[in-house]
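Q:
In the numbering used here, the protein residues as written are 396 to 549.
(1) With a cut-off of 8 Å, does the C-beta of residue 457 fall near any C-beta of chain C?
(2) Would you mind listing the beta strand (DSSP E) stretches within the segment 398-470 that are 3+ residues and don't spill past its ends, in chain order?
(3) Taking only the alpha-carbon atoms, compute the straight-line gap between residue 442 and residue 520 and give it to the nearest angstrom.
(4) Need the endpoints of the alpha helix (DSSP H) that residue 544 sits in, please.
(5) Taking residue 512 as the reference, which of 407, 437 and 488 has the closest Cα?
(6) Count the other C-beta atoms from every protein chain shown that fall within 10 angstroms of the C-beta of residue 471, then say buried if there are 16 or more, exposed otherwise.
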């Protein structure tokens, strides 16, 4: 993670759009497709990211998370690459998709308000990304309780 975001990219491995962050201050999809950005609470550091592929809409479980939002994105690639500055060409940093198409991304975030830079004793900033095939729909904010979300949404 670098420059305050985790980038979700397709085959081009480049996410160049600039989100406004006012819609949900957690995740925004590239309007041109094949990309999304997750806004982190720290500028440079390590975050934990878990990604899950679902066949259908997963049950919503916001307990234990500060912020939870959903967006739609059109993927032209058959995978999502979790762009970081240090991963190289590591296939374990990818989530294989059933194929190109329209998907929903639900992102959960926690420990977004714990400082920058962080001490080793601080909790790790963490994200859960759930992905499933679905038609394009409006973004949804399920939960927004972090100071980071409040700052960027104002």
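Glycine is no exception: its CB is placed at the ideal position from the N, C-alpha and C atoms. Remember, predicted model here, so these are calculated numbers, not experimental data.
A: If we stick to the structure as given:
(1) The structure shown contains no chain C; it is built from a single protein chain.
(2) 400-404, 422-424, 430-434, 442-448 and 462-470
(3) 5 Å
(4) 542-548
(5) 437
(6) exposed
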